[in-house]
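Student: Residue numbering for the sequence shown follows our numbering, starting at -15 and increasing by one per position.
A virtual CB, placed ideally from N, CA and C, is assigned to each residue, including glycine.
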Amino acid sequence: MKTFKDIHKSLMKKEFTCTQLVQEYLNKVKKSKLNDFLLITDKLALEQAKKVDDKIARKQKIGELEGIPIAIKDNMLVKDFICTAGSKILENYVSPYDAFVIKKLKDAGAIIIGKTNLDEFAMGSSTENSAYGVVKNPIDVSRVPGGSSGGSAAAVAADHCLAALGSDTGGSIRQPAAFCGVVGFKPSYGAVSRYGLIAMASSLDQIGCFANNVQDTRLVFNIIKGKDKMDSTTLDLKEIKTPKKIIIGVPKQYFADGINFNVKEEIEKTIKKFKDFGYEIKEIDLPYTEYALAVYYIIMPAEVSANLARYDGIKYGFSAKNKNLLENYLKTRAKGFGDETRRRIILGTYVLSAGYRDAYYAKAQKVRNLIKQDFEKAFKEVDIILTPTTPTPAFKIGEKQDPLSMYLADIYTAPASLAGLPAISLPIKVKNDLPIGLQLIGPQFKDDLVFNIAEIYEQL
Ligand code: GLN
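(1) Taking 8 Å as the cut-off, is the beta-carbon of Ala106 closer than that to any non-hydrogen atom of the ligand GLN?
(2) Using DSSP with H/G/I as helix, E/B as strand and the rest coil, what is Pro160?
(3) Beta-carbon separation of Glu250 and Ile52 under 9 Å?
(4) Round the Cβ separation of Leu23 and Asp58 to the nearest angstrom and send it over; I've been treating them as touching at under 8 Å.
(5) Name the two residues that bound the continuous alpha helix (DSSP H) containing Glu89.
(6) Specify the secondary structure class of Gly192 as computed by DSSP and reduced to three states.
(7) Checking 9 Å against the spacing of the C-beta atoms, do Phe21 and Asn113 come in under that value?
(8) Compute the minimum distance between the beta carbon of Met60 and the heavy atoms of the ligand GLN, and state whether it is under 8 Å.
(9) Would you kindly check if the distance between the Cβ of Gly320 and the Cβ of Ala304 is under 9 Å?
(10) How long is the line joining the alpha carbons of Ala378 and Arg127, rounded to whole angstroms?
(11) Let me make sure I understand the geometry here. Which of Ala147, Ile268 and Ala83 has the alpha-carbon closest to that of Ile97?
(12) Give the DSSP-derived three-state secondary structure of Ser136 in the structure shown.
(13) Taking Val176 and Lys209 to be in contact with their CB atoms under 8 Å, please state how far apart those CB atoms are, rounded to whole angstroms.
(14) The beta strand (DSSP E) with Gly150 in it runs from where to where?
(15) If you compare alpha carbons, which of Asp417, Leu418, Leu444 and Ser409 is closest to Ser156?
(16) Confirm, please, whether the CB-CB distance from Lys211 to Leu203 is below 9 Å.
(17) Taking a contact to mean a Cβ-Cβ separation below 9 Å, would you say Ala438 touches Ile425 in this structure?
(18) First and last residue of the beta strand (DSSP E) that includes Phe21?
(19) Going straight from the alpha carbon of Asp367 to that of Phe205, what length do you get?
(20) Please report the distance separating the alpha-carbon of Tyr391 from that of Phe363.
(21) Which ranges does the beta strand (DSSP E) cover as unbroken runs of at least 3 residues, wholly within the region 22 to 58, from first to last along the chain?
(22) Does the distance from the CB of Tyr272 to the CB of Asp358 come in under 9 Å?
(23) Identify whether Met107 lies in helix, strand or coil by the three-state DSSP scheme.
(24) Quick check on the DSSP output: the alpha helix (DSSP H) that includes Glu383 runs from which residue to which?
(25) Evaluate the contact criterion for the region 108 to 123 versus the region 35 to 45: three or more CB pairs, one atom per stretch, below 8 Å.
(26) Counting Cβ pairs, one atom from each stretch, are 3 or more of them under 8 Å apart for the region 177 to 184 and the region 427 to 435?
(27) Determine the contact status of Gly404 and Gln385, defining contact as a CB-CB distance below 9 Å.
(28) Which residues bound the alpha helix (DSSP H) around Val247?
(29) Which residues mark the beginning and the end of the alpha helix (DSSP H) in which Ile73 is found?
(30) Would you grab the beta carbon distance between Thr217 and Gly262 for me? Rounded to a whole angstrom, and I think it's under 8 Å.
(31) Return yes when the Cβ of Ile255 is within less than 9 Å of the Cβ of Ile243, no when it is not.
(32) Please classify Leu388 as buried or exposed, where buried requires at least 16 neighbouring CB atoms within 10 angstroms.
(33) Using a 10 Å radius around the Cβ and a threshold of 16 neighbouring Cβ atoms, would you call Val288 buried or exposed?
(34) Whose C-beta lies closer than 7 Å to the C-beta of Ser529 among residues of the same chain, with five residues either side of it excluded?
(35) Any heavy atom of the ligand GLN closer than 8 Å to the CB of Thr153?
(36) Just to confirm, is the Cβ distance from Gly150 to Leu188 under 9 Å?
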């Protein structure tokens, strides 16, 4: 697979023009049988490509991301293009402005080639909840690519683009990256602006990126990160020093019952490799981790129910156009939302309702703090935490019928989301078998450290 550097060199040497490159990728996307793209932004892509070609013709220097074909999860706004968030309710919704991250990418000269498929409002672990059909995993088309950013992960794995943006609320970048055998990074909460990201659960949502290798993933992150006055949770990350002697923590809770044998074996092999290369491995204890999924499935739907209240058939999006106001609300939301979205709105409304709020929502917030403190304690002893990304490799399309078994796909990714920590999924390529994801979790705002150690892994 080509890296950004390869493309950059070829463009500068005029082995091909940016327009030719982009045309080739657009053709591949148009022929895709994976259902990974919901929309192709060819006009925008070719306009941007021409700008890059003009610059090269004028012998101007081009940046590292300039001319690189990138795909965008369809829950981020790209001005003047439809943004569905994978939902019927936003079928005809045209983005009135560019999300912060889109503006950053455009300014850097990256080529936006299209919008990728996702679970409705980013809720799911397989893209089977998309109103526009399931995405197929390019490694085995009978399997899911993971979710909710399944379209982005599949597109990178299939070489339909060189990188893609995704969003991660409880695992939606890392889990599909693991299933498709690519790199997926979820930044620290606050590292990347959510302005122009369609909200799911605001205290958890983060935009991040996919690519084929750590360096390219890092280049995209370096462009999209940073303080934005439109998102008050954002800040500029400070430079950090990587310690000379790295201690890697391995939490025993991540290897308990439910982990697939192959996953366990491959992760243990990787731990051994780190050891053989002289890195210290330390077993750590994260006792509150076992509550992470339960806590996530209270806090997340609570925030979902509040965020999705805006889709009422009045201001924008699908409307049942009923003359009676209450009827209009009810019909719009019943017809516009899919089953999983409705389930979460109902669950979220319940945990926030009078009489139940303290027993569920408030309690979950307290346990969330304990989960955070677990990590803080652990990072006093170790520099980075190594875990599997998912308990199993990619499962079959249609295999998981009950919601709970689907929710279990996030068991290893939800804790870092609740604690706001940076985490990356790195592919372990298994011969003649499905890829497996290795997760590295770092201390808050030490996103660079996560990348530094991920680069070491790539060279092991
Ligand atoms: N799969 C998880 C869920 O369904 C995570 C979603 C996400 O990170 N956007 O909520």
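Tutor: Reading it off the structure:
(1) yes
(2) helix
(3) no
(4) 7 Å
(5) Before going further, note that residue 89 is Leu rather than Glu in the sequence given. Taken as a continuous stretch (DSSP letters only), the alpha helix (DSSP H) holding Leu89 covers Phe84 to Asp91.
(6) strand
(7) no
(8) no
(9) yes
(10) 6 Å
(11) Ala147
(12) helix
(13) 5 Å
(14) Ala147 to Asp152
(15) Ser409
(16) no
(17) no
(18) Phe21 to Ile24
(19) 21 Å
(20) 27 Å
(21) 53 to 57
(22) yes
(23) coil
(24) Neither: Glu383 is in no alpha helix (DSSP H) and is coded neither H nor E.
(25) no
(26) no
(27) no
(28) Phe245 to Asp260
(29) Where Ile73 is concerned, there is no enclosing alpha helix (DSSP H), given that its DSSP letter is neither H nor E.
(30) Going by Cβ atoms, the distance from Thr217 to Gly262 rounds to 38 Å, so no, they are not a contact pair.
(31) no
(32) exposed
(33) buried
(34) Examination of residue 529 is not possible in this model, given that the chain is present from -15 through 444 alone.
(35) yes
(36) no
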